Every structure is written in C-alpha cells, then in structure tokens.
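Since the structure comes first, as structure tokens, the remarks are kept for the end.
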Amino acid sequence: MASVTPALVLEGVGFAVGKNRRDILVNACMQVMPGEICALVGPSGSGKTTILNMISGLLRPTAGSLTVLGVDVGRARDRELARLRSRRMGIVFQNFHLLPGMTSTENALLPAYFGCAPAGEYRARVRDLLGRLGLAPWLDAAAENLSEGQRQRVAIARALLLRPALVLADEPTGNLDDSSAATILSLLIEGAREEGSSLLLATHDRRCLQVVERTFVVDQGRVVPL
Amino acid sequence: MITRNLLALAVRSLAGRRASSVAPLLSLAMATGTTFVLLSIAWSLHGAGVSGLLSRLPITRMVVTARQVDLLFLRLGTPLSSLDDRSLQSVRAIEGVEAAWPELVLAMPVSLVGDLLGTTFSTDCAVYGVGGDFFPAGNRPPGFVHREPGAAVPVVLSSQLIDLYNSGFAGSQNLPGLSRNALVGRHFTLFLGTSSFVPALPRDRVLSVRCEVVGLSDAVSVTGVTAPEAYAREWHRWFHGESTPVQYSSIHVEAASSSIVDRVRRDIESLGLQISNPRELAEKIALLSKYLSAAIAAIVVLFLVMAGVGTASTLGLEVTHQAERIGVYRALGASQSDVRRIYMARAAVLGLAGATLGLLPAIGLQVVMGNALEALVPIAANLPPSWREFNPALALISLSLGLATCVVAGIAPAHRAARLDPADALRRAGT
C-alpha cells in the first residue's frame, strides 16, 4: 500500500521574535493528512495565528522544520511560497480582510489575480460559490455594506475559489452566535470536503471541537494533540 | 498572463482610490502640459534658424556702426556717436584695412509698393546707398549702375530676405516658396518722404521712384533696398538740402587677413565706433538660443521633478494607507515582485492618465497662444509655422517624459510596498 504524504508536517518548529529572541513557539510538532479536518485550539495570544502565518509562509520558523504540501517553508524562496499560497492554499482570516471599495464578487475573485489563468475565467465559479454560500442577492454589494456573517461567507468563498489542497481558517466563528457559528462551520467543512481539501481551524471556540476529526492544543508555546 | 492580471488589479485598485489620485494626476498633467508648451517654444527657436542664415558670412568682413547702447544681448539702437565722412576716412587710414565701403542711409520716411505672387503689397522700409565696389569681389550684381534719367533705378535686396521669407513667412501665410532669383527683374515703386508712421508730409515733399531689382546680395542690409550711392546722395539732397551732411548706417570693412582682424577691431574701437563681425553676431545669437534652450530645459526638469516628488510622496502615503490591502495580496498569493509590479503599474497608469490629461489642453493652448500672439503682434505672423503647429514628435516626447516621471516616482513606493511584512500588516489591520 502506497504511503500518503501529509499535507502539513511540523517537526520541532520554533518561532522567536525581538532582539531578546522571545519564544512564541517552542518545539511544535503536528501533522495533518490530506482531506483531514483538524483544529488548533488555545487561548487568545497562545500563538495559533503565528502557526497559521508560518504554515502559509508569511512567517518563517526560526527553528525546526515545517513542510507544507511538500514545500519546506523555512528554505523556500519568496516566489515559491507565493505560488504555494496562490495555487494550493486558501486562507480565511480572523478579521476577514475583505477589501473596501470592492464587491463581494471582486473580493472572492482576488486569489485568481495571482494564479496562472486570466482572473475573468473564474467569475462564473465565484458566482456559483457565493450562491452556494447564500450570497446570490449580494454578488455586487460592496464589502463594507455586508453584515459580519455575509463577510465571513465571502471570505470562505475566496479561500475555496482555486480548489486548494489546504484551507487555513483563523477564528472562523469568532464573534458569531451559536446558530451562525454552526452554519459557517458547516459551510467551511462542506466546502473543504467537496474540494477534497485539508482544513485546519485555529480557534478558541470549543464549539468547533465537535465537528473536527483531530485537535491540537497550543499552550505555553507548545503544541500537543488533544 | 499573470502580468495582465496584475495590471487589471492595479487599474481596479486605482479606480477605487479616485480622491487620492487627483493630486498626482493634476501635478503630472501640469508638468506634461508645461513641458509640451516649452518644448514647442524651444523647437520654434531652433526652427527660426537665424544663426544658420548668418553663419556663412566671412570672418574678415566686419561692419562698423556708430556706438550704441547695449544691454546684454540686446542692442537698444540708441546711437552714442555718428558715422560720417570723417569716420570713413579714419577707418580707411587704419593699417590692415584693405577696403572700407560706406553704406549711406536715407534719413527720411520711405514706403514701398509692389506686386508679388499676384498680390499688391505695401511696406515701410529703409533706403541705403552703396558704391559698386561695396560688394565683395566678383559679387556685384550686373546692372547695379547709375542709369539715364527716367529709367528705373537699379536696386539690390538682401538674399537673407528670401531665406526669411521661405523659412517663416511663406509657411505661415500658405504662400509658395521663392527661388533666390524670383525677385530679380521685378519692378516696384518707392515713395520717399512718406511712410505709415509719417503719413502727413505735404504732397510735394513725396518723391515717387520706380525701381528694378537687379540682384540679391548677402552684403546689403536686410531691412531695406540698396541703390547705387549716387541716387541715394541725390535723394538726400532733395529731402535735406545741400548743407546737411550725409550719414552712414554702417561702414563695411574688409581686413587684409584673418590674423589681423583682432588688431583692426581694436583700432576701429579706439575711434569710438562699434564693430561687429556677422559671424560673431551669429555666434551670439546661437549662444542666446542655447541659453534659452538651457533655461527651458531647466524649467521642464524643475516641473517634472516637482511632479515626481509630489507623485512619489502621494504613492508613498498610499502604501502606508494600503498596508492591509498589500498584506491581503501577499497572503492570497502575491510574491514581493508581484506587489512591486502592481504598484509600478499603478504609477504607470497614473502617469499615462496624467500626461494625457495635461497634453490635450496644452495642444489647444499652443494654438490659442499662437493665434492670440498674431492678433496682438502682427510681426508674429512671420515666425516659423512650428510656433503654432501641432508637432506629434514633441507631444510624444512630453507624454513619455510625464510617464517616465511617474514611473520613476513610483519605484521607491513600489519597493516599500513589496518589502512590507504581510503578517504584521494584517495583524495591525485586525487590531
């Protein structure tokens, strides 16, 4: 039986900042398999976002080895990491980061601008994705005029647009009530499953733990499986 | 393909920042418009070609005039001394002066009426009188001799008139060009004692003289007609009487060789006279033209630098304000060089828009200025047509300079945008 390459492997990863090299993360180890739905839990400020930023290549580990979809994040060049993010990874930010002055469709279409095909070719898929996420009436609405839940859905559509192999979601249910949180989680997980993507949720929301397959806890700069 | 995507993104993000784009757009528009107008003026100066017309004159040939008031390059025309027979004798006595020929000028109003290209024209002019040996060896026009009473007076015109006509007037008035001999054999009438400035002299004080152009010469004055000296003396006596001595407008001096020109100059100047060599004049005009061109270039550079600095600071400010946008671009897959290209494309689009915006009114302004100048100052009609004609090459140069300014101004902000820490930018935007 052929072995399956993990989507994500952290081996003794550390991250330190500042002149005094203050440790944010120490000897972190975890592994996520293709198509797996995982959660990274821990209190605010524990380092969950830092881990997600390292996985996406926006930060580089200061120790250990981090391999994402076969790419060594510590050693890869900027262009290689950018290509990894644009073609194989989708990110749902904690604060959505939809660009003002752009419509829902334009915001969801953004990753396509950094892909290898004309962005316009993805317009139909964006509309389909937004429609599936219940945003058909707001396709041309400006981002700043959407509710928080609607903006979250646009962010999910943006993350799933290019059928990524790995989706990272930072506090996707952050300020939502139970009903909205359940909806968003189910949309995110369904979307990832439909595309066969791995999903890693960084959250301090215990509600997420009921729907994921594996959970890692970040505490005191260390990552341990729950 | 990705370049097309990035360009589309740059244009899209620019459209969403209309307010902040207005200042650099206007400053670039002004700089490009000013550049075009100034370049057109510089091109017209170049097209006038005055220095070229004069540069073929020989260096041993000098022109002596009464001392006049000079202000830098401008000769104010106010004589400080006179040029008469005594001056002529003194000049001829200088060692190294091979020949000296006076150019007598009639101190009276004169107008000229003639036909040219089927049109009757009238103009004020000066009348000069020179001897037959005034012309450089072998260049004396045939027929330039005193004729029997009643015959047309033979006159010579400056060949520079043809050059000036062909290089400026003909084009501006849509008239055909003239060959150098087109005027030879033509007749016209001089009215001595009257001009458009002095029209009120009694009728019996106006003398009508029929003239025939017998040739063109580089040696005679460009401001009038030159007749044999005997006619000029006769007309002087008729107008002023016997007792008034004749005045010379200039004495043309031929030095024996170019090696003694400087000494001859000093000797003539010691007589209290002013001396100029046509080639020196040409050099002076060329120098003046260079100074003007340099001044224009400096103004153009100043405008472009100001526009560039303004654009750079606006784009720099935009990078600061758009940190979140840049962070999102990076997180969604833009590399550092993609971000750099997006911001360079923004600068280029901004530059192209600003330069085009400035160029269009500048082209209109050039036409309006040309027409207004001609309406206010009739002599402006004689300026080369390049003064008010649209020159696509100059428009293209101005457009390129405006665009290049904006692109150069965009380099530093684009570089800064590319080096922005995306994780930090997103974290700051989220707090």
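Protein chains in written order, with this note's numbering: chain A, 1 to 226; chain B, 1001 to 1431.
Ideal Cβ placement from N, Cα and C applies to all residues, glycine included.
Being a predicted model, the structure only gives us computed values, none of them experimental.
- Between the beta-carbon of Ile1260 of chain B and that of Val1091 of chain B there is about 14 Å, and that puts the pair past the 8 Å contact cut.
- Cβ contact annotation for Asp140 of chain A (same chain, cutoff 8 Å, sequence separation greater than five): Thr103, Ser104, Thr105, in chain order.
- When the five nearest sequence neighbours on each side are left out, the beta carbons in the same chain lying within less than 7 Å of the beta carbon of Arg1180 of chain B are those of Ser1159, Ile1162, Leu1216, in order along the chain.
- Here DSSP, grouped into helix, strand and coil, assigns Ala165 of chain A to coil.
- Not a single C-beta of chain A is nearer than 8 Å to the C-beta of Ser1021 of chain B.
- For Phe1239 of chain B, no beta strand (DSSP E) segment is defined; the enclosing uninterrupted segment is the alpha helix (DSSP H) at 1229-1240.
- Going by C-alpha positions, Ser1398 of chain B is about 49 Å away from Ser1257 of chain B.
- Looking at A:Asn27, A:Leu188, A:Cys208, the one whose alpha-carbon comes closest to that of Gly134 of chain A is A:Leu188.
- In this structure the stretch 1321-1333 of chain B does not lie against the stretch 1396-1410 of chain B, because fewer than three pairs of beta carbons, one per stretch, are closer than 8 Å.
- Straight-line measurement puts the Cα of Leu1106 of chain B at about 31 Å from the Cα of Ala1286 of chain B.
- For Ile1326 of chain B, the secondary structure class from DSSP, reduced to helix, strand or coil, is helix.
- Distance from the CA atom of Thr1356 of chain B to the CA atom of Tyr1291 of chain B, rounded to whole angstroms, is 29 Å.
- If one requires a minimum length of 3 residues, the beta strand (DSSP E) runs lying completely within the stretch 4-36 of chain A are 8-17, 22-32, in chain order.
- Under the three-state reduction of DSSP, Phe1303 of chain B is assigned to helix.
- Put simply, the backbone Cα of Asp170 of chain A is about 54 Å away from that of Ala1362 of chain B.
- Residues of the stretch 12-23 of chain A with a C-beta less than 9 Å from any C-beta of chain B: none at all.
- The C-alpha of Asp205 of chain A is placed about 31 Å away from the C-alpha of Ala1334 of chain B.
- In this chain, Ile1094 of chain B is not harboured by any alpha helix (DSSP H), its DSSP state being neither H nor E.
- Look at His97 of chain A: its C-beta is under 8 Å from a C-beta on chain B.
- Interface annotation for the stretch 1317-1334 of chain B against chain A: Glu1324, Arg1325, Gly1327, Val1328, Tyr1329, Arg1330, Ala1331, Leu1332, Gly1333, Ala1334, criterion Cβ-Cβ distance under 8 Å.
- Contact annotation, Ser1111 of chain B with Ser1195 of chain B: C-beta distance approximately 5 Å; criterion of less than 8 Å satisfied.
- In the DSSP assignment, Gln1274 of chain B falls outside any alpha helix (DSSP H) and within the unbroken beta strand (DSSP E) covering 1273-1276.
- The alpha-carbon of Gln150 of chain A is positioned some 21 Å away from that of Arg163 of chain A.
- Spanning the alpha carbons of Glu1389 of chain B and Leu1360 of chain B requires a straight line of approximately 14 Å.
- Cys116 of chain A: not part of any alpha helix (DSSP H); DSSP gives it neither H nor E.
- Contact with chain A is absent for Pro1361 of chain B, since none of that chain's Cβ atoms lies less than 8 Å from the residue's Cβ.
- In terms of beta-carbon proximity, Phe114 of chain A lines the interface with chain B, with at least one pair separated by less than 8 Å.
- When the beta-carbon positions are compared, Thr1405 of chain B and Ala1031 of chain B come within less than 8 Å of each other.
- Counting C-beta atoms within 10 angstroms of its own C-beta, Cys208 of chain A has 16 or more neighbours from the protein chains shown and is therefore classed as buried.
- The contact set of Gln1336 of chain B on chain A, defined by CB atoms closer than 9 Å, consists of Asp78, Arg79, Ala82 in chain order.
- Partner residues in a beta bridge of Ser1289 of chain B, as assigned by DSSP, do not exist.
- Between Gly1131 of chain B and Glu1229 of chain B, the gap from beta carbon to beta carbon is short of 8 Å.
- In this structure, Val26 of chain A lies away from Thr67 of chain A, with their beta-carbon atoms at least 8 Å apart.
- Around Ser56 of chain A, the beta-carbon contacts reaching into chain B at under 7 Å are Ala1331.
- Residues are counted here when their Cβ sits less than 7 Å from a Cβ of chain B; for the stretch 29-58 of chain A these are Asn53, Ser56, Leu58, given in chain order.
- Annotation: Cβ neighbours of Arg1004 of chain B in chain A (cutoff 8 Å, chain order): Pro118.
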